[in-house]
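Visitor: Residue numbers (the numbering used here): 209 to 509.
No residue lacks a Cβ here, since even glycine has one placed at the ideal position from N, Cα and C.
On a predicted model such as this, the values are computed, not experimentally measured, just so you know.
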């Protein structure tokens, strides 16, 4: 009976206008955000910054400028000493190409242009060719880094050569890495709120920082050893878009590597199918002096 009620409510919800869906989601997110400061500052500790020395961060981009701006802003804040490689996968938005050129020039990052869209797998493969560090982070462009993004993932890969890939906790994933509270709030948190959540979440999981995953890691922020990536030929022969993380995980497992979920790392992911609600959040943004708690993360950078 309860299952039938849930099914009927979900059906009614999907039939509501987008504006109504937005207000329902926002109201629920505000309840789940109790205790998270709307304004605040979170500093990156020395261990997190030192971990970036081992990293090449590969960011495939195809349009979606509002998300890309946030991702780039968080990289500028927290990439530390990492080598950053932005791959433009044939973007057609006339604003995004000059934006990427300016951002990569300003930060002395690499920009790898592709003549046409070839998909996520091909963009990662092209970016990986320019990576020189022992560990790569394949980072989706609709993510936001926090001050607790790197160290746990890098430490797991450096500690054991049989660990082939590591994934952080996140707000939108098809695996156990997904944090349900963050999923429901992912379009509505300010930068301070999502970083405050990250600090609280990873602190409470310090007693059990790592979990071995038997099947696959989500590809929104996938940390992989350069040698294991080369060993299994990366995303080659994987699916061009969705599912390549599943295929890569399977290849690594078949080759004898293990997969680890680093519970004490957190990277915020807006996720597929999020554009409608995210745009509504932008359009409905209230001026900060009136109610800063209603700011959308999409609009705060």
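Identify which residue in 296, 464, 310 has its Cα closest to the Cα of residue 323.
Guide: If we check each option's Cα against that of residue 323, 296 comes out closest.
Visitor: Please report how far the alpha carbon of residue 336 lies from the alpha carbon of residue 223, in whole angstroms.
Guide: Going from the Cα of residue 336 to the Cα of residue 223 covers about 43 angstroms.
Visitor: Restricting to Cα atoms, I'd like to know which of 319, 468, 407 is closest to residue 293.
Guide: Residue 293 has its Cα closest to that of 319, out of 319, 468, 407.
Visitor: Is the separation between the beta-carbon of residue 424 and that of residue 453 shorter than 8 angstroms?
Guide: In this structure, residue 453 lies closer than 8 angstroms to residue 424 by Cβ.
Visitor: Spell out a yes or no on whether the stretch 433 to 452 and the stretch 408 to 419 are touching, meaning 3 or more CB-CB pairs, one atom from each, closer than 8 angstroms.
Guide: The stretch 433 to 452 is not in contact with the stretch 408 to 419.
Visitor: Within 10 Å of its beta-carbon, does residue 343 have 16 or more other beta-carbons around it, so buried, or fewer, so exposed?
Guide: Label assigned to residue 343: buried.
Visitor: Go ahead and pull the three-state DSSP assignment for residue 270.
Guide: Residue state, collapsed to three classes: coil.
Visitor: For residue 373, which three-state DSSP category applies?
Guide: Note: residue 373 maps to strand in three-state DSSP.
Visitor: Cα-Cα, which of 361, 284, 450 is closest to residue 471?
Guide: When only C-alpha atoms are compared, the closest one is 361.
Visitor: Between the C-alpha atoms of residue 250 and residue 406, what's the straight-line distance to the nearest angstrom?
Guide: Answer to the nearest angstrom: the Cα atoms are 10 angstroms apart.
Visitor: Measure the C-alpha to C-alpha separation of residue 235 and residue 434 and round it to an integer number of angstroms.
Guide: Rounded to whole angstroms, residue 235 to residue 434 spans 44 angstroms at the Cα level.
Visitor: Leaving out five residues on either side along the sequence, give the residues of the same chain with a beta carbon under 7 angstroms from the beta carbon of residue 393.
Guide: Within the same chain, residue 393 has close Cβ partners 237, 240, 241.
Visitor: Between the Cα of residue 421 and the Cα atoms of 402, 397, 350, 377, which residue gives the shortest distance?
Guide: Looking at the Cα atoms, 377 is the closest of the given residues.
Visitor: Within the stretch 418 to 480, note down every full beta strand (DSSP E) run reaching 3 residues or more, in order along the chain.
Guide: Those beta strand (DSSP E) runs which fall completely within the stretch 418 to 480 and span 3+ residues are 418 to 421, 429 to 433, 466 to 477.
Visitor: For the beta strand (DSSP E) that contains residue 318, what are its first and last residues?
Guide: That run of the beta strand (DSSP E) goes 318 to 322.
Visitor: Going by DSSP in three states, residue 287 sits in which element: helix, strand or coil?
Guide: Coil.
Visitor: Roughly how many angstroms lie between the CA atoms of residue 227 and residue 395, to the nearest whole one?
Guide: Cα to Cα, residue 227 sits roughly 14 angstroms from residue 395.
Visitor: Return the CA-CA distance between residue 225 and residue 291, expressed in angstroms with no decimal places.
Guide: Roughly 44 angstroms separates the two Cα atoms.
Visitor: Taking Cβ positions, are residue 352 and residue 279 nearer each other than 8 angstroms?
Guide: A contact, by the Cβ cut-off of 8 angstroms.
Visitor: Apart from the five residues on each side of it in sequence, which residues of its chain come closer than 6 angstroms, Cβ to Cβ, to residue 385?
Guide: Hits under 6 angstroms: 375, 377, 378, 426, 469.
Visitor: What are the partner residues of residue 239, as DSSP defines its beta bridges?
Guide: DSSP, once it has assigned bridges, lists no residue as partnering residue 239.
Visitor: Taking 8 angstroms as the threshold (C-beta atoms), are residue 350 and residue 479 in contact?
Guide: Going by C-beta atoms, residue 479 is nearer than 8 angstroms to residue 350.
Visitor: Of all the options 476, 370, 253, which has the alpha carbon lying nearest to the alpha carbon of residue 397?
Guide: Comparing Cα positions, the closest option is 476.
Visitor: Measure the CB-CB distance between residue 288 and residue 309 and report whether it falls below 8 angstroms.
Guide: Not closer than 8 angstroms, so no.
Visitor: Among 268, 232, 254, which residue has its Cα nearest to the Cα of residue 429?
Guide: It is 268 whose Cα lies nearest to the Cα of residue 429.
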